[in-house]
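Residue numbers (my numbering): 21 to 655.
The C-beta atom is built at its ideal place from N, Cα and C for all residues, glycine as well.
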Amino acid sequence: MAEQGFTPPTSEWYHPSADMVEGANVPDYEAVYNLALQDPEAFWANRAETLEWYKRWDRVLDDSRKPFYKWFVGGKTNMALNALDRHVTTWRRNKLAIIWEGEDGEKVTLSYWRLWQEVNKFANVLRGMGVAKGDRVTIYMGRVPEIAIAMLACAKIGAPHSVVYGGFSEQALASRIEDAQSKVLIACDGAWLRGKIVPLKDMVDEAVQRSPVVETVIVVKRTGHDIHMEPGRDFWYHDLMALPIAKTEAETEVMDAEDPLFILYTSGTTGKPKGVLHTHGGYQVHPPPTLAWVFDLKEEDRWWCAADPGWITGHSYIVYAPLILGATSIIYEGAPTYPNPDRWWRIVADYGVTILYTAPTAIRGLMRFGEAWPNRHDLSSLRLLGSVGEPINPEAWRWYHRVIGKEACPIIDTWWQTETGGFMITPLPSVGLKPGSATRPFPGIQVDIVDDDGNPVATNEDGNLVIKSPWPSMIRTVYGDDDRFISQYWEKYKNQGWYLAGDTARRDEDGYLWVIGRNDDVLKVSGYRLGTAEVESGLVSHSAVAESAVIGIPDELRGNAIHAYCILVAGLEGSDALEAELKAHVRHEVGPIAVPAQIEFVENLPKTRSGKIMRRVLKAQALGQPLGDLSTLED
Ligand code: WTA
Numbered sequence: 021m022a023e024q025g026f027t028p029p030t031s032e033w034y035h036p037s038a039d040m041v042e043g044a045n046v047p048d049y050e051a052v053y054n055l056a057l058q059d060p061e062a063f064w065a066n067r068a069e070t071l072e073w074y075k076r077w078d079r080v081l082d083d084s085r086k087p088f089y090k091w092f093v094g095g096k097t098n099m100a101l102n103a104l105d106r107h108v109t110t111w112r113r114n115k116l117a118i119i120w121e122g123e124d125g126e127k128v129t130l131s132y133w134r135l136w137q138e139v140n141k142f143a144n145v146l147r148g149m150g151v152a153k154g155d156r157v158t159i160y161m162g163r164v165p166e167i168a169i170a171m172l173a174c175a176k177i178g179a180p181h182s183v184v185y186g187g188f189s190e191q192a193l194a195s196r197i198e199d200a201q202s203k204v205l206i207a208c209d210g211a212w213l214r215g216k217i218v219p220l221k222d223m224v225d226e227a228v229q230r231s232p233v234v235e236t237v238i239v240v241k242r243t244g245h246d247i248h249m250e251p252g253r254d255f256w257y258h259d260l261m262a263l264p265i266a267k268t269e270a271e272t273e274v275m276d277a278e279d280p281l282f283i284l285y286t287s288g289t290t291g292k293p294k295g296v297l298h299t300h301g302g303y304q305v306h307p308p309p310t311l312a313w314v315f316d317l318k319e320e321d322r323w324w325c326a327a328d329p330g331w332i333t334g335h336s337y338i339v340y341a342p343l344i345l346g347a348t349s350i351i352y353e354g355a356p357t358y359p360n361p362d363r364w365w366r367i368v369a370d371y372g373v374t375i376l377y378t379a380p381t382a383i384r385g386l387m388r389f390g391e392a393w394p395n396r397h398d399l400s401s402l403r404l405l406g407s408v409g410e411p412i413n414p415e416a417w418r419w420y421h422r423v424i425g426k427e428a429c430p431i432i433d434t435w436w437q438t439e440t441g442g443f444m445i446t447p448l449p450s451v452g453l454k455p456g457s458a459t460r461p462f463p464g465i466q467v468d469i470v471d472d473d474g475n476p477v478a479t480n481e482d483g484n485l486v487i488k489s490p491w492p493s494m495i496r497t498v499y500g501d502d503d504r505f506i507s508q509y510w511e512k513y514k515n516q517g518w519y520l521a522g523d524t525a526r527r528d529e530d531g532y533l534w535v536i537g538r539n540d541d542v543l544k545v546s547g548y549r550l551g552t553a554e555v556e557s558g559l560v561s562h563s564a565v566a567e568s569a570v571i572g573i574p575d576e577l578r579g580n581a582i583h584a585y586c587i588l589v590a591g592l593e594g595s596d597a598l599e600a601e602l603k604a605h606v607r608h609e610v611g612p613i614a615v616p617a618q619i620e621f622v623e624n625l626p627k628t629r630s631g632k633i634m635r636r637v638l639k640a641q642a643l644g645q646p647l648g649d650l651s652t653l654e655d
């Protein structure tokens, strides 16, 4: 069951200009792809050679315990060594690493030297508080420079971070803290969004009450509003950073290539979110070349990935890959439309952004306000534009291309996942484009589209997207749950040893790949990844709801909108007031991104005889489509 309406392959082609191809870091996709295919291990080893290692690896790939692949076995390194330490001994120490703009107009710039010092100071603070190699640290912040500092400081001391997106609320935060067993939580007092304060610290207080494993909370002052500070538990970041212990030099922990760098929770088909585990060695090898080759990143570029650091896009393409490459990365705190719908375009013009990377939902959202807003600004610095998170509809693609890129910037549609760590299917600047297609696999990556038995499907037929060979930044496991790692990704094609992506896709007559949408119980709403189970458990945690089922319905702006069905406890009746109350409840429990667009009160739900809710049937019914095979339906 694909979530999104399928866009048929078009014959509409956009070819890159000769200048773009000739000047590109990788001018010939075909040649590099074929070369990598001949010897993928040598290909990735070559990429790894461009980084620093305390000790070189003995083996590129160990596949003796499939699917628990190991990369760069025996190698010693640290993400912070490559993202920071190695730059400050070169001229890059004076280059800007981060340019930050707050929603309220405040500005901060950090050179590589300054960032390195701040990270060292905070690494010393964390060590001083007893955080040691291997300890998990949860980070729950807005989009402020300190989130990058916190992540890098954790990397530096070898403490895996678990960043929880600031748009999640207390229950979501509490369960992620609980799963990671973090004793230390780094947070903000609040965040600015649309001119209002998001009270992050209030949610922290509630979450910590639910997850008493947290012993220490470090609070970055951003909004400065009144908050509760628990004596002995809560400390201001700026107070700690002023202590003598916060020296500007800190030892970088020597990490094994396979030691965990971070856990990032994401939604799966069932139950609670899974902690996707990434490692220092493999994860530092894959995202950087994808950024350098796909977005043709050059030393002088100004790169703006407008995602949130709390999602994988922010981890890989705001923080780690740009810093490894020594790039200048822009971070903007707030809403794209605040105070006016041209905020983004003003940022592009003000900072001379050369590459912009965002999600289709943001483009659709800005499109609504018309061309006059972008046309008011000089966008001529832009060279390339990117898209991620969900299929981009051709209308949004064309608008992005024509109005923002002035028909001179390729639209780079990148398909990948939290689990893949970096881009997997994506054009390079030399590849011809078709609106809505992520085009071809990145060099070193082998993908296919197959039926349930593993046979390749015919041209333009729907099938399951699989990845046929391992890659360095692949998920290592689901944190604390190896069984789930296997059942979720490897069980289906265990004979073939392929990774199941969970997406439906097609390949057209030109070999171009079209990712249509999820084929499991994962929803993509405004590009955010959510599990139906998360929204459902948010609903049933309200005393009025006995049972619920959630589906995604195609939505022009958000890609999908959440529709919920609720069976109320006996004796209660649905009403507009109750619907509003349930929405507020989900907002409070899970977060604003999980609030259903609509809640329907029903008497029963279609279930299989084994009691599984058939969301497919609900969806077909909601869309007025044929209900399909109902032989397993109980009633
Ligand atoms: C979807 C986000 C179509 C897909 C980086 C995938 C896309 C899920 C694209 C992963 C794209 C991401 N075209 N669909 N260019 N990029 N997706 O883990 O369904 O938040 O499985 O990672 O987003 O979402 P995640």
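Distance CB(residue i)-CB(residue j) smaller than 9 Å
i: E567; j: L625; result: yes
i: K292; j: S195; result: yes
i: E278; j: G295; result: no
i: L602; j: I619; result: yes
i: A200; j: K221; result: no
i: P492; j: F92; result: yes
i: A179; j: V139; result: no
i: I412; j: P380; result: yes
i: V228; j: I197; result: yes
i: N484; j: T434; result: no
i: G162; j: V218; result: yes
i: T374; j: L343; result: no
i: I432; j: P447; result: yes
i: D209; j: V184; result: no
i: N539; j: G474; result: no
i: S287; j: P307; result: no
i: V560; j: L550; result: no
Residue i, buried or exposed, once every other Cβ within 10 Å from all chains shown has been counted against 16
i: T110; result: exposed
i: T264; result: Per the sequence shown, the amino acid found at residue 264 is Pro instead of Thr. P264 is exposed by the Cβ-count criterion.
i: Q191; result: buried
i: Q641; result: exposed
i: G25; result: In this prediction, G25 has a pLDDT of 47, which is less than 50 and means its spatial position is unreliable; nothing more can be read from the coordinates.
i: L104; result: buried
i: Y74; result: exposed
i: V314; result: buried
i: L404; result: buried
i: G591; result: exposed
i: D649; result: exposed
i: Q437; result: buried
Where the alpha helix (DSSP H) through residue i begins and ends
i: C429; result: Run containing C429: none; DSSP gives neither H nor E here.
i: P64; result: The sequence shown places Trp at residue 64, not Pro. Here the alpha helix (DSSP H) through W64 covers 60-69.
i: K6; result: This structure cannot speak to residue 6, because the chain is shown only from 21 to 655.
i: W323; result: It is not in any alpha helix (DSSP H) - W323 instead sits in the beta strand (DSSP E) that spans 322-325.
i: S131; result: From DSSP, S131 is part of no alpha helix (DSSP H) but of the beta strand (DSSP E) over 127-131.
i: T381; result: 380-387
Residue i - containing beta strand (DSSP E), residue span
i: V183; result: 181-183
i: I177; result: That residue, I177, is in no beta strand (DSSP E); its alpha helix (DSSP H) goes 165-177.
i: L81; result: 79-82
i: S659; result: Since the first residue of the chain shown is 21 and the last is 655, residue 659 is not available in this structure.
i: I587; result: 579-588
i: W111; result: Looking at the DSSP string, W111 is not in any beta strand (DSSP E), and its letter there is neither H nor E.
i: Y11; result: This structure cannot speak to residue 11, because the chain is shown only from 21 to 655.
i: W212; result: 211-213
i: L193; result: From DSSP, L193 is part of no beta strand (DSSP E) but of the alpha helix (DSSP H) over 190-200.
Which residue spans inside the region 331-371 form an unbroken beta strand (DSSP E) run of at least 3? DSSP runs (the beta strand (DSSP E)) wholly in the region 331-371: 348-352.
Is the region 334-350 close to the region 313-321, with three or more CB pairs under 8 Å? Yes, they touch.
Is there contact here, the region 572-586 with the region 439-457, by at least three beta-carbon pairs under 8 Å? No, they do not touch.
Given 8 Å as the limit, is there contact between the region 353-360 and the region 115-133, that is, 3 or more CB pairs closer than that? Segments in contact, yes.
At which residue ranges does the region 481-558 contain complete beta strand (DSSP E) runs of 3 or more residues, listed in the order of the chain? If only complete runs of 3 or more residues are kept, the region 481-558 shows the beta strand (DSSP E) at 483-487, 519-527, 533-538, 542-545, 548-551, in order along the chain.
Segment contact flag, the region 364-375 with the region 391-410, C-beta cutoff 8 Å, min 3 pairs: Three or more Cβ pairs drawn from the region 364-375 and the region 391-410 lie within less than 8 Å of each other, which places the two stretches in contact.
At which residue ranges does the region 393-459 contain complete beta strand (DSSP E) runs of 3 or more residues, listed in the order of the chain? Residue ranges of uninterrupted beta strand (DSSP E) with 3 or more members, entirely inside the region 393-459 and ordered along the chain, are 404-408, 431-434.
Using 8 Å as the cut-off, can you tell me whether the region 69-83 makes contact with the region 241-254, which would need three or more C-beta pairs spanning the two stretches below that distance? Between the region 69-83 and the region 241-254 there are fewer than three inter-stretch CB-CB distances shorter than 8 Å, so the stretches are not counted as touching.
Are three or more beta carbon pairs between the region 586-600 and the region 554-570 nearer than 8 Å? Flag = yes, the region 586-600 and the region 554-570 touch.
Touch check for the region 448-463 and the region 265-276: three-plus C-beta pairs under 8 Å? Flag = no, the region 448-463 and the region 265-276 do not touch.
Quick one: any contact between the region 36-48 and the region 63-73, if contact means 3 or more CB pairs under 8 Å? Two segments are said to touch when three or more pairs of C-beta atoms, one from each, lie closer than 8 Å; by this definition the region 36-48 does not touch the region 63-73.
Beta strand (DSSP E) runs contained entirely in the region 231-282, provided each spans 3 or more residues: Within the region 231-282, the complete beta strand (DSSP E) runs of at least 3 residues are 236-240, 254-256.
Specify whether the region 126-134 and the region 321-328 touch according to this definition: at least 3 beta carbon pairs, one from each stretch, less than 8 Å apart. Output reads no: the region 321-328 does not touch the region 126-134.
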